[in-house]
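Trainee: Just so we're aligned, residue 1 is where the sequence shown starts under the working numbering, counting upward by one. Think of the CB as a built atom: it goes at the ideal place given N, C-alpha and C, for glycine as much as any other residue. Take a look at this one; I'll ask things after.
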Amino acid sequence: MTDINTAEAQENEATGTYGTAIVCDVELRVKPANQWRPSYIRALREGDYDTWAAGVLHADDVATFIDLDPTFDEINEFTAAAMETTGDPAGKSSGRARSSRSTRKR
Numbered sequence: 001m002t003d004i005n006t007a008e009a010q011e012n013e014a015t016g017t018y019g020t021a022i023v024c025d026v027e028l029r030v031k032p033a034n035q036w037r038p039s040y041i042r043a044l045r046e047g048d049y050d051t052w053a054a055g056v057l058h059a060d061d062v063a064t065f066i067d068l069d070p071t072f073d074e075i076n077e078f079t080a081a082a083m084e085t086t087g088d089p090a091g092k093s094s095g096r097a098r099s100s101r102s103t104r105k106r
């Protein structure tokens, strides 16, 4: 397991805003997806679930997640649910909305 540094742990506690999602019939607290650092997303994509969990889950829930040892499907469902409940549905970009006005000069 890769531990997050002290500053990141303090940041997680300071934000205090967590959503919840269920994995293996256990509800865990997770930071809003817009607060996930690129390094956490990278860890998730690379299959380093311990590092990902340490970065995005409430400090008290990290060991529980690791002990549950969820399958890949369970992790995928959990992360999708976590993103949904924290206001950033999976697969949706928060990019700039397209303007309804044409900018072309006539």
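#1: Measure the Cβ-Cβ separation of residue 57 and residue 29 and say whether it is below 8 Å.
#2: Kindly indicate which three-state DSSP category residue 29 falls into: helix, strand or coil?
#3: Consult DSSP for residue 54 and reduce its assignment to one of helix, strand or coil.
#4: Following the continuous alpha helix (DSSP H) through residue 20, name the residue where it begins and the one where it ends.
#5: I need the DSSP call for residue 86, collapsed to helix, strand or coil.
#6: From residue 39 to residue 24, what distance separates their C-alpha atoms?
#7: Can you grab the Cα-Cα spacing for the pair residue 82 / residue 48, in whole Å?
#8: Check residue 79 in the structure and name its three-state DSSP category.
Mentor: If we stick to the structure as given:
#1: Contact flag set, yes.
#2: Residue state, collapsed to three classes: strand.
#3: Residue state, collapsed to three classes: helix.
#4: Premise fails: residue 20 lies in the beta strand (DSSP E), 19–23, not in any alpha helix (DSSP H).
#5: Residue state for residue 86 is assigned as coil, using DSSP reduced to three classes.
#6: Approximately 25 Å between the Cα atoms of the pair.
#7: Taking the straight line joining both Cα atoms gives about 17 Å.
#8: Residue 79: helix per DSSP, three-state reduction.
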